[in-house]
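Visitor: Residue numbers (this note's numbering), protein chains in the order written: chain P, 32 to 130; chain V, 12 to 244.
Backbone N, C-alpha and C define an ideal beta-carbon position, used for all residues, glycine too.
All values derive from a computational prediction rather than experimental measurement.
Handing you a structure now.
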Amino acid sequence: MEVRLRPGIADPQGATIERALPALGFDTVEAVRVGKAFRLRVDAADEESARRRVVEMADRLLANPVIEESAIRAMTPVSPGDGTSAAREDADFPKPAAR
Amino acid sequence: MTARIGVVVFPGSNCEHDVVKAIGLVAPGNAQGELVWHGARTLAGYDAVVLPGGFAYGDYLRPGAIARFSPVMEAVAKYAADGGPVVGICNGFQVLTEAGLLPGALQKNRGLRFLCTTVDVEVGTTRSALTGALEPGTRLRLPINHFEGNYTADAATIARLRDEDRVVLRYTNNPNGSLDDIAGVCNEEGNVVGLMPHPERACDAMTGSTDGTGLVRSLVQVAAHGLGQPVTP
Chain P
32 MEVRLRPGIA DPQGATIERA LPALGFDTVE AVRVGKAFRL RVDAADEESA
82 RRRVVEMADR LLANPVIEES AIRAMTPVSP GDGTSAARED ADFPKPAAR
Chain V
12 MTARIGVVVF PGSNCEHDVV KAIGLVAPGN AQGELVWHGA RTLAGYDAVV
62 LPGGFAYGDY LRPGAIARFS PVMEAVAKYA ADGGPVVGIC NGFQVLTEAG
112 LLPGALQKNR GLRFLCTTVD VEVGTTRSAL TGALEPGTRL RLPINHFEGN
162 YTADAATIAR LRDEDRVVLR YTNNPNGSLD DIAGVCNEEG NVVGLMPHPE
212 RACDAMTGST DGTGLVRSLV QVAAHGLGQP VTP
């Protein structure tokens, strides 16, 4: 789940980062917005019911609806008792390449 | 009779003793502050309630986001709905907005600095539980101590706060980016108040300012006599 500030809400972190990037030579960046990412493993009968629960979690706790909105993405279809889910999650977020 | 003011202690609160001390300094014999653990399910017997500053639950997720689900918060909501005076200071203000007892939200400061300084504020409405003993426009010098004090709400909410005379304090020199220079607001009835500055730290000349005494005295008078009763300035 991505929790981000609603459009039009000032983002002091985004603004500061946007000012810092040109100092490093990244001078083609604009509209930087900072949000939060949550990774949740949800035990549910199917993706639809998992999604419903996660929307509830966002509304009640993970996002502050006064200033934030959320977007949900199912990362990997996990069937009950599928012991491989952890490995598949890692595949979605590969480790950074060695330098 | 001595008014009893409940001061709620969340895991991570750190200004509760300052609030109790300030109440004793400002209104010796007339009011006393009593610590209330956040697990309490009733606030019966208290004449006012304060949610003090600090870092409840380590400010994890967002300041106040976890604290608002503490058992005591259901009692606070009921107490507030029944007209009881509730004041949230700093982290307590953040808890009240997260709980939906006050509008808006407190975002990271503009400039992304934790601010620990003293600021000037001007009293707005005097019908709130915290400003009854003061005159509108009174300037006060009060300490602030926060990272998330940047008051944010949609334009309609800001307009409504203005139209309904619900801005309790305004910064004269906005330190954190708060919309409309808002340092404190109240609900429609005026019994629920939230503010970022710390009046309890400005009640003893030894700490640099006694400008917080008028605010604390207002709360003590509301606790003793109820909201909307004549108060002694």
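At least one CB of chain V closer than 8 Å to the CB of T47 of chain P: is that the case?
Guide: Your numbering for residue 47 of chain P matches position 16 in the first sequence. Cβ-Cβ to chain V under 8 Å: yes for T47 of chain P.
Visitor: Who are the neighbours of P43 of chain P on chain V, taking C-beta pairs under 8 Å?
Guide: Taking the first sequence and counting its residues from 1, one reaches residue 43 of chain P at position 12. Within 8 Å Cβ-Cβ: Q118, K119, N120, R121, G122, L123, N161, G188.
Visitor: Once you ignore the five residues that flank L190 of chain V on each side, which residues in its own chain have a CB closer than 7 Å to its CB?
Guide: The residue given as residue 190 of chain V occupies position 179 in the second sequence. Cβ within range, chain order: Y162, T163, A164, I169.
Visitor: Which stretch, first to last residue, makes up the alpha helix (DSSP H) that contains I48 of chain P?
Guide: As a first step, residue 48 of chain P must be located in the first sequence, where it is residue number 17. Start and end: 43–51.
Visitor: With which residues is N53 of chain V paired in a DSSP beta bridge?
Guide: Numbered from its first residue, the second sequence carries residue 53 of chain V at position 42. With the sequence shown as reference, residue 53 of chain V is identified as Thr, and Asn is not the correct amino acid for it. T53 of chain V pairs with nothing; no bridge assigned.
Visitor: Per DSSP, what are the beta-bridge partners of Y261 of chain V in this structure?
Guide: An answer regarding residue 261 of chain V cannot be provided, because it is not within the stretch 12 to 244 covered by chain V.
Visitor: Between V:N156, V:G148, V:T149, which lies nearest to K119 of chain V when the distance is taken from Cα to Cα?
Guide: What you label residue 119 of chain V is simply residue 108 of the second sequence in a count that begins at 1. Of the candidates V:N156, V:G148, V:T149, the one whose C-alpha sits nearest the C-alpha of K119 of chain V is V:N156.
Visitor: Mind pulling the chain P residues with CB within less than 7 Å of R173 of chain V?
Guide: The count along the second sequence starts at 1 and reaches residue 173 of chain V at position 162. What R173 of chain V touches in chain P: nothing, since even the nearest Cβ is about 18 Å away.
Visitor: Could I get the ranges of all uninterrupted beta strand (DSSP E) runs contained in the region 70–115 of chain V, with 3 residues as the minimum, in chain order?
Guide: You should have 97–100.
Visitor: Can you give the beta carbon distance from E159 of chain V to L117 of chain V, rounded, assuming they're within the 8 Å contact cut?
Guide: Counting from 1 along the second sequence, the entry for residue 159 of chain V is found at position 148. Counting from 1 along the second sequence, the entry for residue 117 of chain V is found at position 106. At roughly 5 Å, the Cβ-Cβ gap stays under 8 Å, so E159 of chain V and L117 of chain V are in contact.
Visitor: Ignore the nearest five residues each way along the sequence and tell me which others in A81 of chain P's own chain have a CB closer than 7 Å to its CB.
Guide: Taking the first residue of the first sequence as position 1, residue 81 of chain P is located at position 50. The answer, listed in chain order, is V73, A75.
Visitor: Given 7 Å as the limit, tell me if R82 of chain P has its C-beta closer than that to any heavy atom belonging to the ligand SAH.
Guide: By its list of ligands, the structure shown contains no ligand whatsoever, and the ligand SAH lies outside what it can speak to.
Visitor: Secondary structure at K32 of chain V, three-state DSSP: helix, strand or coil?
Guide: Position 21 of the second sequence, counted from the start, is the residue given in the question as residue 32 of chain V. Helix.
Visitor: Sort out for me which residues DSSP pairs H157 of chain V with in a bridge.
Guide: In the second sequence, counting from the first residue as 1, residue 157 of chain V sits at position 146. V:L126, per the DSSP bridge assignment.
Visitor: Alpha carbon to alpha carbon, what distance is there between D131 of chain V and N185 of chain V?
Guide: As a working mapping, residue 185 of chain V is identified with position 174 in the second sequence. As a working mapping, residue 131 of chain V is identified with position 120 in the second sequence. Roughly 9 Å between the two C-alpha positions.
Visitor: Would you be able to state if there are at least three C-beta pairs under 8 Å between the region 68–81 of chain V and the region 119–128 of chain V?
Guide: The answer is no - the region 68–81 of chain V does not touch the region 119–128 of chain V, with fewer than three Cβ pairs under 8 Å.
Visitor: Using a Cβ-Cβ cut-off of 7 Å (strictly less than) and excluding sequence neighbours within five positions of R84 of chain P, which residues of its own chain qualify?
Guide: Translated into the one-based positions of the first sequence, residue 84 of chain P becomes position 53. The residues are V73, A75.
Visitor: For I34 of chain V, tell me which candidate among V:N25, V:V47, V:V61, V:A51 has the shortest Cα-Cα distance.
Guide: For the purposes of this step, residue 34 of chain V is identified with residue 23 of the second sequence, where counting begins at 1. Selected option, being the one with the closest Cα: V:V61.
Visitor: Please compile the residues from chain P whose C-beta is within a distance smaller than 8 Å of the C-beta of R73 of chain V.
Guide: Working through the second sequence from its first residue, we reach residue 73 of chain V at position 62. The answer, in chain order, is N95.
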